[in-house]
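Quick note on our numbering: the sequence shown kicks off at 21 and runs consecutively.
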Amino acid sequence: MKYNFPENLYTEVRIEDNYSANYYLKDDDAENNSEVSVIGAKIRIFDGKMWYTSSTNDLDSIQAEIDGLAKIAKPNPNILKNKIVKNFAVNKAEILRFQGEGNLRNTTMEEREKICRDYRKKCTDKSVPEIKMTHTSFWCNSKIKSFYTSKGTEIVQDYQRCGVSIGHELSVNGGTFRAGKYFQEFYYKDLLNREDEMNEEINRSIDYARKAVPVVPGDYVCVLAPTVTSVFTHESFGHKSEADFMLNDKTLQDEWVMGKKVGNEKVTIIDEGDELRHGYCPYDDEGNKKQKVYLMKDGVLTGRLHDAKSASILKEKPTGNARAQDFYCSPMVRMTNTYMDAGKDDPEEIVRGVKDGIYIYDWNYGTGNSTFTIQPQKAYKIKDGKITDPILVNVVTGSVFQTLFDIDAVGTDLQFFSGMCGKNGQSMPTATGGPTIRVKKLTIN
């Protein structure tokens, strides 16, 4: 697709063809069965000092939008020498992985209903009195993005994702709990026939709700299951690695120096977008190819995540991490697939090395800055090297920097998990990952 780009300005056009579908059951009643298709474009012009942007749902008006923005921008004969513009690579690529068999746009209303009602039936034991309500849902989305710039970039790429979940609301001894499981995949077929996995997790949660007793608050040796390691990595280290946070923070720039030892030598943290995981992003929304970035290697700070602007200011290379939620939004620095790499320690030996501690099995939410917070969904005592009784833990806290040094075991069992990450009002699909790890001391309440 060709446009008449104005001279002496940098111009880009990002076109998106977005599709989504949802189905939701509350107990046995369907409360949502919807499909939405939206096509639109984001146009941006840069004159070296300011960005001028517009969005439109009328693809036939893109040239008029370009012309209108060009009239208010100030032509700059040296625009191609601008440090930010120089960081926009010229790439030509077409990566369409999902347009054949398995395209989620072809899922039918009947398929969406069937998968929900099947899991509702197979994963609800109506003899369990503690179950008060059940929520079952299916969702899918598909996106085709086309990106063109005045430097000559032409990229077409696609993305799709689907998920199914069931969640039971439990009432046990006056307390409220949740028992459920969700899956996210790239293809509908991969969501089918997984009731055994769902029921195993549901039964674990019901048993936990019945037996768990409040923890005695204090500092404990903690073993984090892979999913908990993954959220710690994302919230506590991943966001700190997004370089746009540093641009107006001289203190953070002075603290976050490349080559500085920031954790135990067992710890390596990576962000990459080429692998087919939830944060899959071969090219970012500035047209730069996603790089595999070692944020920390063997405990040493070795990289951070950039868009073109942050890389130019910090005099580093773009990493292809500029991402936008949709064509209404401008890109910003975002994670893709971010994970703590596998170590060399056997997960069972990690637990056996704990005399008196806590095993954090999964989580409800996590946040991180200088101090991180994780609210476990389920946790268990560790006694004499064995995982024993379920315990109720309200919150786990610790210093990010101290915890990175206090990790003394990193397991071989790297696992990945799918989720969404919010930042400045934009929500993006990301993958998190990690193995079992052991931390010498965390505060439990």
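Idealized CB from N, CA, C, for every residue including glycine. Please read these numbers as outputs of a predicted model, since none were measured by experiment.
Check                                                                                                                                                                               : Outcome
Quick check: the Cα distance between Glu-215 and Leu-190, rounded to an integer number of angstroms?                                                                                : 19 Å
Taking the straight line between their C-alpha atoms, what separation do you get for Asp-138 and Leu-272?                                                                           : 51 Å
Go through its chain and collect everything with a Cβ distance to Cys-301's Cβ below 6 Å, but skip five positions before and after it.                                              : Gly-293, Lys-310 and Thr-356
Between Gly-68 and the rest of its own chain, which residues show a CB-CB distance below 6 Å, the 5 nearest in sequence each way excluded?                                          : Asn-96, Ile-99 and Asn-102
Cα-Cα, which of Gly-122, Thr-408, Asn-223 and Asp-274 is closest to Cys-143?                                                                                                        : Asn-223
Quickly, what does DSSP pair Leu-190 with across the bridge? List them, please.                                                                                                     : Ile-151 and Phe-197
Just to confirm the assignment: which complete beta strand (DSSP E) runs, minimum length 3, are found wholly within the stretch 411-465?                                            : 416-419, 427-430, 435-443, 446-454 and 457-464
Can you tell me the Cα-Cα spacing of Lys-165 and Ile-135, whole angstroms?                                                                                                          : 29 Å
Using the Cβ count rule (16 or more neighbours within 10 Å means buried), how would you classify Lys-329?                                                                           : buried
Is the stretch 267-286 touching the stretch 241-249, taking contact as three or more C-beta pairs under 8 Å?                                                                        : no
How is the alpha helix (DSSP H) around Tyr-207 delimited, first residue to last?                                                                                                    : From DSSP, Tyr-207 is part of no alpha helix (DSSP H); its letter is neither H nor E.
Look at Gln-83 and Asp-178 and say whether their C-beta atoms are less than 8 Å apart.                                                                                              : no
So the alpha helix (DSSP H) Asp-294 belongs to, where does it begin and stop?                                                                                                       : Taken as a continuous stretch (DSSP letters only), Asp-294 belongs to no alpha helix (DSSP H), as it is neither H nor E.
Spell out a yes or no on whether the stretch 453-462 and the stretch 319-328 are touching, meaning 3 or more CB-CB pairs, one atom from each, closer than 8 Å.                      : no
By alpha-carbon positions, which one of Phe-108, Ile-63 and Val-110 ends up nearest to Gly-88?                                                                                      : Ile-63
Kindly list the residues whose CB is nearer than 8 Å to the CB of Ser-75, restricted to its own chain and excluding five residues on each side of it in sequence; keep chain order. : Gly-60, Ala-61, Lys-62, Ile-63, Phe-347 and Tyr-348
Over what stretch of residues does the beta strand (DSSP E) that includes Val-33 continue unbroken?                                                                                 : 30-46
When burial is assigned at 16 or more other CB atoms within 10 Å of the CB, is Arg-181 buried or exposed?                                                                           : buried
What distance in whole Å lies between the Cβ atoms of Phe-108 and Thr-169, which are believed to be in contact at a cut-off of 8 Å?                                                 : 7 Å
Answer yes if the stretch 402-413 comes into contact with the stretch 437-450, meaning at least three C-beta pairs across the two stretches below 8 Å, and no otherwise.            : no
What is the residue span of the beta strand (DSSP E) that Ser-57 lies within?                                                                                                       : 49-66
Give a yes or no on whether 8 Å exceeds the smallest Cβ distance from Tyr-240 to chain C.                                                                                           : Protein chains in the displayed structure number just one, and chain C is not present.
Quick test of your reading: Val-235 and Lys-171, contact by CB under 8 Å. State the CB separation rounded to the nearest angstrom.                                                  : That pair is no contact at about 57 Å.
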